[in-house]
Every structure is written in C-alpha cells, then in structure tokens.
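Have a look at the structure below before the remarks.
Numbering (UniProt numbering), first residue to last: 1 to 254.
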C-alpha cells in the first residue's frame, strides 16, 4: 500500500481523529490490508515480520492486533497465534442480517436528520459507483458499492452505527474472498443502487428501507448460491497482494 492510499478516509476506515495513536494507525493499516486482500483470508499474522514492515514496536502492534480480534477480523488459536478470519457461506446470512439492521436503522436516522451536505455525499458516492461501472473493473465497482453504503450510514450521524459498519464492510469483503477464488460483483451495480439514493433524497424512510433490504437480500443470494442467482456479474481473480506493507509515516503521529 502506498502512503497516498492512506489519505482519503472512506470505507472501511473509521472517522478521522485529530491525534491518532500508534495503536490507532496500526489497527487502521491491518484493517485496510484485510479489506484489500494484502492480508489474505486465513493467513497467519507474523508479528515480528509485519511489525517490522510497518516500522512499529511489538507492544503497540499486539495491542492493535487484539483490537481486531475483538472486532472479529482476526482470530486467535491456541498454539498457532493469530490469523485473518474466514467467513464461509453458512455464516453469510447472519452477517448480512447484522448489516441490514445497521443500515436500515441508519437509513431512518438519515432520512430524519441528515443535512443537505450529508445527502449530497451519498449522491457523490453513487456517481463514483456509476463511473466504476463504466470501467468494468470488478474491484473498483466493489469498492464503490461498499463506499456508497458506508456513506449512507455516515449520513445518519451516529458514530456507533458507523463504527459497526466499518467492521461489517471488512467482513463482507472477507466473506467474498472466502467463498470464491474470484471476486465477483453485479454488472448492474450502479442501477441496482439508484433507488436507494433517490429514496434518501426524497426523505422516504419506508421506501429507502425496502430498497436497502432488497439490495442486501439479493447480495446474500449471490454469495450463498451464485449458480442460482439470475444476475450478470463481473469477476476478478484474487489479486496477488504486495509482499510488504509500507512503514507507517511518523508524521501520522504529530
């Protein structure tokens, strides 16, 4: 990951903090590495190696790793240490039930309280999804798709919902990496999200919740039984991740 990749705070990152601690920065790097596939699902976390690559000491690295264990993104196995979690098909309905709960709750809050700027941010995220769809790049489409949902939750103004959504988005990506050797997205992803944005702009809470629920229910079907889903998809083989993570810049602690 290049230093430039850390600049914009979009999904799956948490809201910016004024003075992030070393642990905050390490946790963010690990979370992003799991989301991007640089740390592969099921792969071991080699503490000495990764801490060295990030240029941090083992104490704060362990604390950051334990934070991700609590989030459910890393798993601890006695005698084997830490590894990136895997999420198989049997767990996807429960994962998406949690995601639906968070997103629909956020949607009702956003309809009631979101500012014009908040709603405009969701529209901007949708435009990015449209542009990604035109590129036919599965990874870019997937990133833009998840970022739109993240922007919708952010529009609720509720920091707890946003924190949970941040973890859920990474888990959704983990599930996609776990169940298939290819990362697949809907070819019509932009069109399938248009109603979500329109209903938010109309401040129609019930219709927005219905649109979100349909969108997420269809996602479960594609992930659990892709051969039965009557939706055209774009696939991208799992990328070969970079062998190293770049050091965390000291300027991030100033």
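Ideal Cβ positions, reconstructed from N, Cα and C, are used throughout, including at glycine.
This structure is a prediction, so every number in the text was calculated from the model and none was measured.
Minimum C-alpha distance to residue i - residue among the options
i	options	result
residue 86	187, 44, 131, 136	44
residue 215	157, 156, 146	146
residue 47	40, 35, 61, 55	61
residue 235	189, 206, 209, 203	189
residue 58	245, 41, 26	26
residue 247	28, 53, 22, 42	53
residue 31	221, 179, 237, 171	171
residue 213	81, 130, 175, 97	97
residue 80	115, 51, 42, 55	42
residue 93	203, 201, 175, 74	175
residue 222	126, 89, 39	89
residue 206	112, 74, 70, 83	112
residue 126	143, 114, 115	143
residue 39	83, 24, 22, 72	83
residue 71	91, 130, 166	166
residue 245	130, 115, 55	55
Buried versus exposed, by CB contacts within 10 Å (16 or more), residue i
i	result
residue 219	buried
residue 100	buried
residue 4	Low local confidence applies: a pLDDT of 43 at residue 4 is under 50, so the model's placement there is unreliable, with the coordinate-based value given in what follows. Exposed.
residue 117	exposed
residue 29	buried
residue 37	buried
residue 134	exposed
residue 232	exposed
residue 155	buried
residue 103	buried
residue 203	exposed
residue 192	buried
residue 76	exposed
residue 253	With a pLDDT of only 43 at residue 253, under the threshold of 50, the placement of this residue in the model should not be trusted, and no figure is reported.
residue 22	buried
Per DSSP, the bridge partner or partners of residue i
i	result
residue 184	235
residue 44	83
Span of the beta strand (DSSP E) around residue i
i	result
residue 83	81-84
residue 74	74-77
N-terminal and C-terminal residue of the alpha helix (DSSP H) that residue i is part of
i	result
residue 39	Taken as a continuous stretch (DSSP letters only), residue 39 belongs to no alpha helix (DSSP H), as it is neither H nor E.
residue 138	138-154
residue 129	116-135
residue 172	159-179
residue 206	205-224
residue 103	92-113
Contact test: residue i Cβ vs the ligand GTP heavy atom, cutoff 7 Å
i	result
residue 174	Although the ligand GTP was asked about, the structure shown includes no ligands whatsoever.
Exercise for the section: Evaluate contact between the segment 99-111 and the segment 58-72, counting only Cβ atoms and requiring at least three cross-stretch pairs below 8 Å. Expected result: Touching, no.
Practice task
Report yes or no: do three or more beta-carbon pairs, one from the segment 224-238 and one from the segment 150-164, lie closer than 8 Å?
Solution key: Under the Cβ criterion (8 Å, minimum of three pairs), the segment 224-238 does not count as touching the segment 150-164.
Practice task
Check whether the segment 176-186 touches the segment 135-143, taking contact to mean three or more Cβ pairs, one atom from each stretch, closer than 8 Å.
Solution key: The segment 176-186, when compared against the segment 135-143, does touch it at the 8 Å Cβ threshold.
Problem - Cβ pair count under 8 Å reaching 3, the segment 118-131 against the segment 192-204 - result: Yes, they touch.
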